[in-house]
Structures are given as C-alpha cells and as structure tokens.
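All letters in the sequence shown, in the order written, are residues 708 to 776 by my numbering. One structure is given below, encoded as structure tokens.
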Amino acid sequence: MNYMQFPESHWRKIRTTNMMERTNKEIKRRSKVVGAFPNQESVLRLVVSILIDINEDWITGNRYIVMEQ
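Printed below as a string of structure tokens:
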C-alpha cells in the first residue's frame, strides 16, 4: 500500500476517504434542499459552487498533513 511509504503519523489521513465521503455528503445534503433540478446545467452549477466552497475552506484552513514531521 502506497500510504505506508509515508511516516506512520500520516497513514490514517492518507489511507482514508473521509474527504471524498464528506464532499459527497455535502453535495447530497445541498441537492436535497433544491429537490428537482430543471436541467443538467443547474446540477453542475450547484456541484461546482460546493466544490469551490470546499476548496476555499481547504486553502484558508489548517494544513491537513505537515510534511516536516
């Protein structure tokens, strides 16, 4: 497994899919509020805006892995 090439303190963060699961859960949560989408473009706009929000939070938030350890 590739994650074992990193220091042991990083294993849990690297091998899990928590970030993907959280992103999918957020998309599902926000799309339930809308209910029905009139077309594919409206779904795409919603997903892109969610991903932009997550990316901005990621950039300004704490570092997920500190490689100096």
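Cβ atoms here follow ideal geometry from the backbone N, Cα and C, with glycine treated the same way.
Which of helix, strand or coil DSSP assigns to N709: Your numbering for residue 709 matches position 2 in the sequence shown. Judged by DSSP in its simplified three-state form, N709 adopts helix.
C-beta contact flag for V741 and L758 at 9 Å: If you number the sequence shown from 1, residue 741 lands on position 34. If you number the sequence shown from 1, residue 758 lands on position 51. No, they are not a contact pair.
For N762, the nearest candidate out of E733, E715, E748, S716 (CA to CA): Taking the first residue of the sequence shown as 1, we reach residue 762 at position 55. Ranking the options by Cα distance to N762, first place goes to E733.
Given R737, which residues of its chain have a CB within under 8 Å of its CB, disregarding the five upstream and five downstream residues? Stepping through the sequence shown from its first residue, residue 737 is reached at position 30. Around R737: L753, I757.
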